[in-house]
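Peer 1: Could you have a look at this structure, given as structure tokens, before my questions?
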Ligand SMILES: Nc1ncnc2c1ncn2[C@@H]1O[C@H](COP(=O)(O)OP(=O)(O)O)[C@@H](O)[C@H]1O
Ligand SMILES: Nc1ncnc2c1ncn2[C@@H]1O[C@H](COP(=O)(O)OP(=O)(O)O)[C@@H](O)[C@H]1O
Ligand SMILES: Nc1ncnc2c1ncn2[C@@H]1O[C@H](COP(=O)(O)OP(=O)(O)O)[C@@H](O)[C@H]1O
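Chains as they are written, first to last, in the numbering used here: chain G, -13 to 422; chain W, -13 to 422; chain F, -13 to 422; chain E, 215 to 326; chain U, 215 to 326; chain Y, 215 to 326.
Shown next as structure tokens:
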């Protein structure tokens, strides 16, 4: 996204000017309008995690674990923010090399109120990026909900942020090796959704299923909470994708249009599938399809048009629906809140299919062209495929290792079986969600 | 609103330039600040529907129907968005004639990232308008809640959007016959609230009351949800009315001021009436008065001042309170969540009274003047009255015909009586809202 | 904040130009970008009160009083808005003298759509300030929740707004005597949090504890509601502190960065303290620490850097945690929802400590310098201390007198004991929160 | 004295109470319960995970009556709660050895 | 053995439990119920639609006791739950034929 | 006929129902209750205010059975609900004088 879009103009020089040495970009002037929009977008993306995603997830668990999910999302928000300030931003967006940034921005040093990144304050750029660094580990929570130790969860999320999220961000948005290749990831299909989705799948397998899965029914305790959270995610996503234009202009507007259309189409498609297949469309299905549509359009949102978005939303609904059934019913993996089939699969789908719908030659389904120097769907597709595969492999291995390490450090990743039965709210936090 | 405000300057030419052929408006430059504010406003108006309105309504029904209301709001959001993209926007804002637009913008064709509408991207204008096209049919949900078939609801909403909302929008904001007359409707008193309110009344009558109405008590199942939704509506309305200025300037600021004042005064008035009449002010009363105040100020929000807003809010409280009592207690019509007495009556009141408080000669209650070429309250009032009456009549007839048609297509508009008793959540969506 | 930051440039003249006689500031031009951001910020700050703070508080009471808390927050919103329009803004920001404004802006007279305040519309500045005038009395609700008469509450809040909030605002942001001294209060540590916190303590003492306190357990009835409200407060605070820059620039960006960091650190610290002290970190603890971090950074948010914010958040967690324990366990004062220990103590802490971290000589913990003409931590600190002490004393005395007056007028501040047992929802509002 | 425990469909509660009222019985204590029996529940699907809801919401009425009221009370309940559909519920009768009104200390039929 | 079923006002629950505790009875099972009786409910208004809430929230305590404990238990409940206001509730006593503690299989008074 | 009232731990509900099913008893009425007994609750802390939750969530099963089914039903419950930990719960048996199926008016064992 951020990086990629500008690099198309004068690849290396702009890169240096805008991102690595922003304080030197004296020639550039602050653009107040763009700043206003990114300030807003930052609030919107934070809103996605708290309370949006927290509610979306918390409504899906059993009522004895509702606070534990909220607590995980909140604690991750705090820890990720502090880590991002201390070292994360610097390692992700500091110049460094093709693989990792450097320590030039540790504690946001060198970032003054006047320092710019492009034509917005660098403090704002770093803050906007912080909200992405928050939501990504928070997404993984859905995989290990209702059974992971709070201490292990915290340690895992912090390490994972630095070891997985930060380098991948550098590769794609920080001028790293995938950026150099011309990969397309407007707002985080690879950086956010694939990393989170794959980590979720690995975590679900390593932790094992919840006690009783899949024989015992574990229906969502409060679907109204989940739907309200879904609504907030939808709205917040305007900041996620629209803000990734880093400007208040037609790019941002079109990003919002395609985002919205894909969400609508994803939800509608999922609804229709359930209607056909099970006889009744469910509200949970509709909002799941919506999230699938949003996740899938994310990497493509700056590169495709409304027609493309319609197809992307349609495919998101079909593919993510099938993936959900497959993981749960066939593989019987307890990725409890379906993080991988929705975000992981959606992210993969979107990161690949952007190569098609970015094409300017599809009539009403056209997009806005390929990366600099690339002239065909196949050309763009192969770069996207390289990115997808390498990030899947890297994330899977790194996540596995981190989990094993954390397990060793905390004496096991899971709470003990009795606590799991009684619920994490009381046993881990000495609280109960509801006393109605 | 959008259209009307500009037409005052150089009526036809500007109209052509800004709205019908925006891509030709090459002379105009993108205004980043206005774009930033309308991007934000778009998010705010979507936020009004999901989760705002959905929560407001869902809290008012019985707990066995809570998900069905959420599902209706979500499904309408999806369907209205897709229809707006495919054909709705083009028919509403395409040049066309005095009655309807054309097909020049089908699938947003001709809208590029650089295309402007006035000084903001046309993609953004179309998207902002899309959020209005979403909330209008969603408002009607309150009338047929707890008893309408999901399939019939979906079909009705889609057809109604194209047959009622789209042409009325064209008449008023798309340069149609009412626009030509100089009608005032800043943010949708006629376009949104009267159409939705009247359609609600017709739907309530055609569908008939809920089983048990009015003898059985049907208290709101979760007023906290309703109040939270009300808060979101209030905040979101800043985007609805403030965004309708299509600029980040004093007009937007003043629109927000009067919106806020009318809401405060509407809520306060309703509260006081209940206090006097029933001995106790209720929270539901307060938020209902707030919505009445918001709905009533909507058509007037760009034309009146804070003093006028105070009076408008006061009248909104009094008139909508009386209307609610009348419809429910005297006429015994089961407009279940009071859509007509609040939105319909509020919309009518506001659309007429703007003719008074737009006057610049009322001292502290003055507004910002009449439409171009009109010089008296009576002059403006007669135009407003023509608009109100014709839109009421058109909406009522069209809604009735659509309902009959949908009924024929879906084998009856209502779920069967046993399903109604058991609740729509389980019978239509195979889910339950709460498993606390 | 607003005032203070500009006064540094050319103290008195700018003051006159920008704030007292804004309509004369003809030389200044509207800045659309700043307007866009303050429009957004205004929505965000309203969002903090409704539904944010209302949910935060309502979740903490027992379910029989949930609507009464919502109702109090909503009614205060209405009344404060109307009072602000009628006379509050004029008395706070009208030129007047060192102690109080004047009547030049009564009913916003003289404020046209073109009138500017600095480079944004004055209508917007007045509206933005209105949202601060709403949240401050609403914060006090937490002290007398579950037992105060609705009529007494309404009367108290209205009078308190005019007698306490309005003059203090004038002293600090309206060019009054503390402004003249060069006091630092970027977004309302003194104006908002100290006044509300001290008033809360006084109200808790004057009203006396809830029936049963402290022997009977009164656990929060819905912590999920509280946490969701907390999330909204966090997001909305970006508008509160970021908007107080009155511009979309690096100052706003940095204000958001330090706000976010302090919130994260406050929450994290509280969590760790509970973990150490009680064995388990609680979600309620985490969000309380977050609010403490936010309240504490508020006065400092435009003057300190991210390093300073980290320390401020840490101290907020430690100090406010201790204060909570002390008030509740040692003093046994039933400040029911801990308004004083969190907001009052946080506000005091932040208002004093800004004198340290504004210093430019603390390396990575540096801020952006002292007020005009002040050159040392001690210098700034003594001004801050004068402000803190005088506002505490003034607020305490005035609040006490108002409460006694209101008590006389309404025949006692509390509902009768039976109504308290049955709950305020039914006895004061004839409603119940939940019929699940 | 006898204690009647009746398990009926929730939407029949008002009818039953009215029928009891008509024969002069105003005191009833009601509990929301889950019923398992011949009548089957339904299946809910959450993202494809099946969840068989095998209980049905019912309400339980407990009514203390004097011997004389017993038969008319039973008849009143049967008549008003009957929908002729499976799951209409049951009536159980147990012997009540003692009844006391807390407010007054009255016992026996007086206390009903 | 006897089964005492007491219906009392919710805010009296703690007092009753304490009173029972004082006479050596620690085991109680409590259910939230809706009570209909002489005491009248209230009317709620939702946008002018009246809703008569004719039930009152009550709690039901079930206490299995030995014959010897019966009278003191009844006295304890009456004393602690009494507010001298209408709606204070009732006590019902039925005969218990058998009591079993699931954990140990103990029966009779042992199992209480 | 007898009425069995069993108080068990919530997570054992499914096991108990299955065990009853296995011996041919399908009808059960279940209530969520709060239990007080030997087993202790826990303490919750809200911003330092201690709140002793001294009750434990339990479920109460009511099962009407014929005399013949009584013993096997009791055994089934004891076996399936037993975790050998304190708080496993109790079984109470009372005499049922009458049972009526509302739908058909059948009485006695037929009605079960
Ligand atoms: N043996 C029993 N003991 C206790 N409750 C029973 C028993 N059998 C049925 N019930 C209750 O009665 C309700 C209705 O019974 P069911 O068998 O479904 O239909 P019917 O009443 O028509 O025979 C059940 O849901 C359950 O609550
Ligand atoms: N005949 C009855 N059978 C069962 N429960 C009863 C009966 N009469 C009263 N109750 C219960 O006792 C409660 C109190 O009874 P009520 O008549 O209101 O006052 P009082 O206890 O002073 O006589 C009722 O709310 C109801 O729950
Ligand atoms: N005397 C009693 N009367 C009614 N219910 C009881 C009685 N004693 C215990 N119970 C119920 O049984 C549950 C378990 O009892 P408890 O004493 O905790 O352990 P155990 O079942 O191992 O003896 C309690 O929570 C309560 O619901």
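Backbone N, C-alpha and C define an ideal beta-carbon position, used for all residues, glycine too.
In this text the structure is predicted, and so the values were computed from the model without any measurement.
By how many angstroms is the C-alpha of residue 221/W removed from the C-alpha of residue 30/W?
Peer 2: The alpha-carbon atoms of residue 30/W and residue 221/W are separated by roughly 8 angstroms.
Peer 1: With respect to the alpha helix (DSSP H) encompassing residue 56/G, which residues constitute its N-terminal and C-terminal limits?
Peer 2: Run containing residue 56/G: 52 to 69, per the alpha helix (DSSP H) assignment.
Peer 1: Identify whether residue 419/F lies in helix, strand or coil by the three-state DSSP scheme.
Peer 2: It is coil, neither helix nor strand.
Peer 1: With 16 other CB atoms within 10 Å as the buried threshold, where does residue 383/G fall?
Peer 2: The residue is exposed, with fewer than 16 neighbouring Cβ atoms inside 10 Å.
Peer 1: Using a threshold of 9 angstroms, state whether the C-beta atoms of residue 118/G and residue 178/G are closer than that.
Peer 2: Contact: yes.
Peer 1: Is it buried or exposed, residue 201/G, if we count other Cβ atoms within 10 angstroms and call 16 or more buried?
Peer 2: Residue 201/G should be labelled exposed.
Peer 1: Can we count residue 183/U as close to ligand 3, meaning its CB is less than 8 angstroms from some heavy atom?
Peer 2: Given that chain U is displayed from residue 215 to residue 326, the structure contains no residue 183/U and the question cannot be resolved.
Peer 1: Could you spell out where the beta strand (DSSP E) holding residue 250/U opens and where it closes?
Peer 2: First-last of the beta strand (DSSP E) with residue 250/U: 242 to 250.
Peer 1: So with CB distances below 9 angstroms, who are the chain U contacts of residue 314/W?
Peer 2: Under the 9 angstroms cutoff, chain U gives 261, 262 and 263.
Peer 1: Cβ of residue 285/G less than 9 angstroms from any chain W Cβ?
Peer 2: By this cut-off, residue 285/G is not an interface position.
Peer 1: What does residue 416/F touch in chain U if you count any residue whose Cβ is under 8 angstroms from its own?
Peer 2: Within chain U, the residues near residue 416/F are 256, 257, 258 and 259.
Peer 1: Within 8 angstroms: the Cβ of residue 319/Y and any heavy atom of ligand 1?
Peer 2: Checking the Cβ of residue 319/Y against ligand 1 gives no.
Peer 1: Do residue 299/W and residue 328/W have their CB atoms nearer than 9 angstroms?
Peer 2: No.
Peer 1: Flag this pair as yes or no: are the beta carbons of residue 371/G and residue 338/G separated by less than 9 angstroms?
Peer 2: Result yes, Cβ atoms of residue 371/G and residue 338/G sit closer than 9 angstroms.
Peer 1: What residues in the region 395 to 407 of chain W have a beta carbon less than 7 angstroms from any beta carbon of chain E?
Peer 2: Against chain E - using a Cβ distance shorter than 7 angstroms - the residues of the region 395 to 407 of chain W are 407.
Peer 1: Excluding sequence positions up to five away, which residues of its chain have a Cβ less than 6 angstroms from the Cβ of residue 173/W?
Peer 2: -13, 226, 227, 230, 284 and 287, listed in sequence order.
Peer 1: Can you list, in chain order, the residues of its chain with a C-beta nearer than 6 angstroms to that of residue 207/G? Leave out the 5 residues immediately preceding and following it.
Peer 2: Cβ neighbours of residue 207/G beyond the five flanking positions: 48 and 49.
Peer 1: What are the boundary residues of the beta strand (DSSP E) that residue 156/W is part of?
Peer 2: Note, residue 156/W: premise wrong, no beta strand (DSSP E); alpha helix (DSSP H) at 152 to 158.
Peer 1: Compute every distance between the C-beta of residue 276/U and the non-hydrogen atoms of ligand 3, then say whether any falls below 8 angstroms.
Peer 2: Yes, the beta carbon of residue 276/U sits closer than 8 angstroms to at least one heavy atom of ligand 3.
Peer 1: Using a cut-off of 9 angstroms between C-beta atoms, extract the partners of residue 52/G located in chain Y.
Peer 2: Simply none; closest approach about 15 angstroms.
Peer 1: From residue 242/W to residue 224/W, what distance separates their C-alpha atoms?
Peer 2: Going from the Cα of residue 242/W to the Cα of residue 224/W covers about 6 angstroms.
Peer 1: Which residue wins for smallest C-alpha separation from residue 132/G, given the options 185/G, 199/G, 110/G and 98/G?
Peer 2: Of the listed residues, the one whose Cα sits closest to residue 132/G is 199/G.
Peer 1: Please list, in chain order, the chain E residues whose beta carbon lies closer than 9 angstroms to that of residue 245/U.
Peer 2: Under the 9 angstroms cutoff, chain E gives 245.
Peer 1: Please list, in chain order, all residues of the same chain as residue 381/E whose beta carbon is under 8 angstroms from its beta carbon, the five residues on each side excluded.
Peer 2: Limits of chain E in this structure are 215 at one end and 326 at the other, which puts residue 381/E out of reach.
Peer 1: Going by CA-CA distance only, name the one from 303/G, 333/G and 373/G that's closest to residue 261/E.
Peer 2: The shortest Cα separation from residue 261/E among 303/G, 333/G and 373/G belongs to 303/G.
Peer 1: Suppose the cutoff is 6 angstroms on Cβ atoms and the five residues either side in sequence are ignored; what does the same chain contact list for residue 385/G look like?
Peer 2: Same-chain partners within the cutoff: 185 and 188.
Peer 1: I want to check one thing, is the minimum distance from the CB of residue 315/E to the heavy atoms of ligand 2 below 8 angstroms?
Peer 2: For ligand 2, at least one heavy atom lies less than 8 angstroms from the Cβ of residue 315/E.
Peer 1: With hydrogens ignored, establish whether the beta-carbon of residue 150/G is closer than 8 angstroms to any heavy atom of ligand 5.
Peer 2: As for ligand 5, it is missing from this structure, which binds only ligand 1, ligand 2 and ligand 3.
Peer 1: Excluding the 5 residues preceding and the 5 following residue 272/Y in the sequence, name in chain order all residues of the same chain whose CB lies nearer than 6 angstroms to its CB.
Peer 2: Cβ within range, chain order: 221, 247 and 249.
Peer 1: Residues in its own chain within less than 7 angstroms of residue 216/G by CB, not counting five upstream and five downstream?
Peer 2: Counting only Cβ-Cβ distances below 7 angstroms, and skipping sequence neighbours, we find 42, 273, 276 and 277.
Peer 1: Under 8 angstroms Cβ-Cβ, which residues of chain W neighbour residue 220/G?
Peer 2: Result: 32 and 36.
Peer 1: Shortest alpha-carbon distance to residue 258/U belongs to which of 75/W, 107/W, 205/W and 87/W?
Peer 2: The option with the nearest alpha carbon to residue 258/U is 205/W.
Peer 1: Do you know how far the Cα of residue 129/G is from the Cα of residue 265/F?
Peer 2: Straight-line Cα distance between these residues: approximately 26 angstroms.
Peer 1: At the level of alpha carbons, what is the spacing between residue 376/W and residue 166/W?
Peer 2: Whole-angstrom Cα-Cα distance: 15 angstroms.
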